[in-house]
Amino acid sequence: MRTLESPARSLVKSVTYRFLGSCATVVVVFIATHEWTISFGTGAMDFVLKIFLFFFHERLWNRINWGKKDIIPAVIWFTGLSGAGKTTIAQILLSRLRDAGLSTELLDGDVVRSIFKDSGFSRAERLRHLAGMGFVASELEKSGTFVIASFITPYEEARQLLRTSCKQFIEVYLSTPLAVCESRDPKGLYVKARAGEIQQFTGVSDVFEAPVNPEITIDTSSKSVDETVDLLVAELREKVPSLRQWL
Ligand code: ADP
Numbered sequence: 021m022r023t024l025e026s027p028a029r030s031l032v033k034s035v036t037y038r039f040l041g042s043c044a045t046v047v048v049v050f051i052a053t054h055e056w057t058i059s060f061g062t063g064a065m066d067f068v069l070k071i072f073l074f075f076f077h078e079r080l081w082n083r084i085n086w087g088k089k090d091i092i093p094a095v096i097w098f099t100g101l102s103g104a105g106k107t108t109i110a111q112i113l114l115s116r117l118r119d120a121g122l123s124t125e126l127l128d129g130d131v132v133r134s135i136f137k138d139s140g141f142s143r144a145e146r147l148r149h150l151a152g153m154g155f156v157a158s159e160l161e162k163s164g165t166f167v168i169a170s171f172i173t174p175y176e177e178a179r180q181l182l183r184t185s186c187k188q189f190i191e192v193y194l195s196t197p198l199a200v201c202e203s204r205d206p207k208g209l210y211v212k213a214r215a216g217e218i219q220q221f222t223g224v225s226d227v228f229e230a231p232v233n234p235e236i237t238i239d240t241s242s243k244s245v246d247e248t249v250d251l252l253v254a255e256l257r258e259k260v261p262s263l264r265q266w267l
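According to this note's numbering, the sequence shown is numbered sequentially starting from 21.
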């Protein structure tokens, strides 16, 4: 997250910094002179004068961009079957990046579809839906925000389009096999799909094309959530240089 120091903050910092500095001055002058009056007099002058110096020095440096580095954001796009662990891991990653102070947004398939209720599940509708989400992700990325996206994203065509829409696109394939996802069935959707209550359900009655060139692939079936997050973080540190100092 980009922040600018307000003048009030600079002033309070100047006062607290100078208070500590002037205490040190009083002690040093006392050691040299053994005179409390001179020590406190010097400390008081030092306090007032250097508050102003510190304040103006701080405000001046706030205007100088030299030595400041833009944090290059990324779009971290989770793909995989329903129940593979996308939302679970994406939410933890969101907290980790936000706790580190990075501007980060999560686009979650379930949340988005709960808003855009009339988006269907045919190939054309899914492609349109994902293209729209890719546009949102790329706009956020342009504004300096890290984007975490969690969508089944079943087609290679869609993933390639997303890759070209974003500047730094990191495809994270949670390759948890169908049998494991189905045994987890966290939202009870597989049961409904098998019963024919849900049509065009990915993995059951609709295709999931395995990703061709994901940056990161993790099969969560024999891992705990913590182990998966640790593995993901290690991979992200390697593949996204701008994240190294934050994760
Ligand atoms: P998706 O978003 O891919 O549909 P969810 O995150 O909603 O999947 O559900 C995954 C389920 O699997 C959750 O109930 C989660 O607790 C469980 N789970 C078990 N092990 C893992 C793991 N290693 N990583 C992620 N989720 C896991």
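From the three backbone atoms N, C-alpha and C, an ideal C-beta is built for every residue, glycine too.
query: Are the beta-carbon atoms of Leu-182 and Gly-154 separated by less than 9 Å?
result: For the 9 Å CB-CB criterion, Leu-182 and Gly-154 form a contact.
- request: Pick helix, strand or coil for Ser-170, following the three-state DSSP scheme.
  value: Secondary structure of Ser-170 (DSSP, three-state): strand.
field: Residue burial classification, Thr-248 (beta-carbon count within 10 angstroms, cutoff 16)
entry: Per the 10 Å Cβ criterion, buried.
field: the ligand ADP heavy atom lying under 8 Å from the CB of Arg-146
entry: Incorrect: Arg-146 has no Cβ contact closer than 8 Å to the ligand ADP.
When Gly-105, Val-131, Tyr-175 are compared against Glu-202, the one with the closest alpha-carbon: The option with the nearest alpha carbon to Glu-202 is Gly-105.
- request: Tell me, please, which residues DSSP counts as bridged to Trp-97.
  value: For Trp-97, which the question treats as bridged, DSSP gives the partners Ala-169, Glu-191.
- request: State the beta-bridge partners of Asp-128 as determined by DSSP.
  value: Asp-128 is bridged to Ser-170.
message: Going by C-alpha to C-alpha distance, which of Ala-213, Gly-140, Gly-100 sits closest to Thr-237?
response: For the residues Ala-213, Gly-140, Gly-100, the minimum Cα distance to Thr-237 belongs to Gly-100.
message: Using a Cβ-based criterion (distance less than 8 Å to any ligand heavy atom), does Ile-109 qualify as near the ligand ADP?
response: Taken from the Cβ of Ile-109, at least one heavy atom of the ligand ADP lies inside 8 Å.
query: Can you tell me where the alpha helix (DSSP H) with Ile-112 in it begins and where it stops?
result: 106 to 119 is the span of the alpha helix (DSSP H), which, as asked, contains Ile-112.
task: Can you give me the Cβ contacts of Arg-264 inside the same chain, cut-off strictly under 8 Å, excluding the 5 residues immediately before and after it?
output: The beta carbon of Arg-264 lies closer than 8 Å to those of Arg-257 in the same chain, with the five residues before and after it left out.
query: So, are the CB atoms of Ser-276 and Phe-50 less than 9 Å apart?
result: Summary: the structure shown does not reach residue 276, with the chain confined to residues 21 through 267, and so no result is reported for it.
- prompt: Thr-222 lies in the beta strand (DSSP E); which residues open and close that run?
  reply: It is not in any beta strand (DSSP E) - Thr-222 carries neither H nor E in the DSSP assignment.
field: Reference Trp-81; option with closest CA among Pro-27, Asp-239, Phe-228, Val-156
entry: Here the closest residue by C-alpha is Pro-27.
message: Using CA atoms only, rank isn't needed, just tell me which of Phe-74, Ala-52, Glu-55 is closest to Gly-41.
response: Across the set Phe-74, Ala-52, Glu-55, the C-alpha of Phe-74 shows the shortest separation from the C-alpha of Gly-41.
message: Spatial neighbours of Arg-118 within its chain, please: C-beta separation below 7 Å, excluding the five flanking residues on both sides.
response: The beta carbon of Arg-118 sits closer than 7 Å to those of Thr-124, all from its chain and outside the five residues before and after it, given in chain order.
message: the ligand NAP and Glu-247: does any heavy atom of the ligand fall closer than 8 Å to the residue's C-beta?
response: Inclusion of the ligand NAP in the displayed structure is not the case, the ligand content consisting of the ligand ADP alone.
message: Check whether the region 157 to 176 and the region 92 to 99 are in contact - that is, three or more C-beta pairs closer than 8 Å.
response: Note that the region 157 to 176 touches the region 92 to 99; at least 3 beta-carbon pairs, one per stretch, sit closer than 8 Å.
message: Can you tell me whether Gly-103 sits near the ligand ADP, meaning its C-beta is under 8 Å from at least one heavy atom of the ligand?
response: Yes, the Cβ of Gly-103 comes within 8 Å of a heavy atom of the ligand ADP.
task: Kindly indicate which three-state DSSP category Thr-184 falls into: helix, strand or coil?
output: The three-state reading of DSSP puts Thr-184 in helix, counting H, G and I together.
message: Can you give me the C-alpha to C-alpha distance between Ala-110 and Asp-90, rounded to a whole angstrom?
response: Whole-angstrom Cα-Cα distance: 24 Å.
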